[in-house]
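Below is one structure, written out as structure tokens; comments come after it.
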Amino acid sequence: MMADIAEKTRKSPAKFLSDVKKEMKKVSWPKRDELIRYTTITVVTVVLMAIFFWAVDLGISKLIELILD
């Protein structure tokens, strides 16, 4: 059944790329200031999460050292 659907909806590569181009024109792209803000938020979040997991890892390592010593 899925093979039948795939055959009916199959498009040529040229038609596919044409459809992609049309859809990309409909995309609402962020303005420069929005992009900078989103990028900054993402980088800060990643750094904070890295610090958090480093601290948790360090704490667990120290706890295991205390238990094993």
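Per the numbering used here, the very first residue in the sequence shown carries number 152; after that it's consecutive.
For each residue, glycine too, the CB sits at the ideal point set by N, CA and C.
Because the structure is a prediction, the values reported are computed rather than measured.
Rounded separation between threonine 196 and leucine 217 - CA only: As a first step, residue 196 must be located in the sequence shown, where it is residue number 45. As a first step, residue 217 must be located in the sequence shown, where it is residue number 66. Distance between the alpha carbons of threonine 196 and leucine 217 is about 32 angstroms.
Enumerated in chain order, which unbroken segments of the alpha helix (DSSP H) with a length of 4 residues or greater are wholly contained in the stretch 160 to 211? Counting only runs of 4 or more residues that sit fully inside the stretch 160 to 211, the alpha helix (DSSP H) segments are 164 to 177, in chain order.
Which residues in the same chain as proline 164 place their Cβ atom closer than 6 angstroms to its Cβ, once the five residues preceding and following it in sequence are excluded? If you number the sequence shown from 1, residue 164 lands on position 13. Taken in chain order, the list of residues that qualify is empty.
Cα-Cα separation, tyrosine 189 to aspartate 220: Mapped onto the sequence shown, residue 189 falls at position 38. Mapped onto the sequence shown, residue 220 falls at position 69. Spanning the two alpha carbons is a distance of roughly 46 angstroms.
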